[in-house]
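The block underneath contains the structure these notes are about, expressed in structure tokens.
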Amino acid sequence: MIVVLEGPDFAGKSTIANRLVSRFGGEVRWVGQPPQASEVLDFYLDMIHEAASQGTLTVFDRMHVSELVYGPLFRGVSRLPIHEADQIETELETCGAIKVHVDAPDSVLTERLRGPRGDQMVQSEDRLLDVAHAYRSLLSGENAPLRWLVMSYEDLVTAIERRLH
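Residue 63 in numbering that gives the first Met the number 0 sits at position 64 of the sequence shown; the count goes up by one each step and never skips.
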């Protein structure tokens, strides 16, 4: 079973991922930026196929949507065209993945940014809010090109339990 968590820094993705693995077993995979020499589409499809073949819970702490958000904001362009993102979305759906947009109110995100963890990449409140708004427009806005679930941790646990039994 595959669960993919996407959303801005400080929204709680890692906390949720670790709690899910503690509860159900399996592993958390943090997906960073694809290597420069890689074909981005193949990079993500290979990860999905590998996780699907394992037969255990794999929780991805970010995946391809991050490239659609961070690429334009930090490099001026995404290495993943939207039509290839659609292919990844289709593959995730074929594998029965649960795709969750993890978010928090802007005030919570900025409060966490100022906390002890800090962040290497998102170093200002304005940049963090740019990231959060980009995720919202891609995943949960009225005209969002990608449709992801927004659910509580408890609802996510229930969804996983239903699929496991």
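Backbone N, C-alpha and C fix where the C-beta goes; we use that ideal spot for every residue, glycine too.
| Asked | Found |
| --- | --- |
| I want to check one thing, is the minimum distance from the CB of Ala16 to the heavy atoms of the ligand SAH below 7 Å? | Annotation note on the ligand SAH: not contained in the displayed structure, which lists no ligands. |
| Please report the distance separating the alpha-carbon of Leu108 from that of Ala133. | 14 Å |
| Between Asp102 and Val64, which are expected to be in contact by the criterion C-beta below 8 Å, what is the C-beta distance as a whole number of angstroms? | At roughly 12 Å, the Cβ-Cβ gap does not stay under 8 Å, so Asp102 and Val64 are not in contact. |
| By Cβ distance below 7 Å, which residues in the same chain neighbour Gly11 in space, the five residues on each side in sequence not counted? | Val101, Ala103 |
| On the premise that Met0 lies in contact with Leu163, defined as a C-beta separation below 8 Å, what is that separation, rounded to the nearest angstrom? | 7 Å |
| Using the Cβ count rule (16 or more neighbours within 10 Å means buried), how would you classify Arg22? | exposed |
| Where do the ends of the alpha helix (DSSP H) carrying Glu110 lie? | 105–112 |
| Compare the Cα-Cα distances from Glu5 to each of Thr157, Phe42, Ala131 and report the closest residue. | Ala131 |
| Please report how far the alpha carbon of Val58 lies from the alpha carbon of Val99, in whole angstroms. | 11 Å |
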